[in-house]
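Here is the structure we will look at, set down as structure tokens.
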Amino acid sequence: MAMRHASRFTGGVMEIDETSLEELRSLSPRGAYEAVRRAVLQNPWGASSEDLRSALEQMVAAGILTWDEVERFEVS
847 MAMRHASRFT
857 GGVMEIDETS
867 LEELRSLSPR
877 GAYEAVRRAV
887 LQNPWGASSE
897 DLRSALEQMV
907 AAGILTWDEV
917 ERFEVS
């Protein structure tokens with residue numbers, strides 16, 4: 847999954863590219879959530895809760911996940 851990290855000095859966060867969003871659409875909601883969570887946690891710049899939140903916001907905006915699903919996955 848290709849994720850671009852904007853500079854920490856500019857307050858940037860993770861951005862998921864369009865190809866990766868298409869790949870995530872082919873997964874189950876749980877699979878998409880886990881794939882993005884794993885990608886954020888394994889990024890070479892270090893991970894923050896803001897990075898994960900940004901990635902999840904992009905997935906919700908793209909219609910891949912709902913906030914209800916995110917909340918359910920976070921507690922399980």
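In terms of this note's numbering, the sequence shown opens at residue 847 and continues consecutively.
Where is the CB? At the ideal position from N, CA and C, for every residue including glycine.
It should be emphasised that the depicted structure is a prediction, and the values quoted were computed from it without experimental measurement.
{"Asked": "Unbroken stretches of the alpha helix (DSSP H), 4 residues or longer, contained in the segment 880-919", "Found": "895-907"}
{"Asked": "Environment of S866 [buried if 16+ CB atoms lie within 10 Å]", "Found": "buried"}
{"Asked": "Sub-8 Å separation of A885 and L873 beta-carbons", "Found": "no"}
{"Asked": "S866: first and last residue of the uninterrupted alpha helix (DSSP H) it sits in", "Found": "E864 to R871"}
{"Asked": "Rounded C-alpha distance that separates A907 from E864", "Found": "12 Å"}
{"Asked": "Close beta carbons around P875, own chain, < 7 Å, minus the five adjacent residues each side", "Found": "L911 and E915"}
{"Asked": "Pick from Y879, R871, G909 and R899 that is closest to R918, judged by C-alpha positions", "Found": "Y879"}
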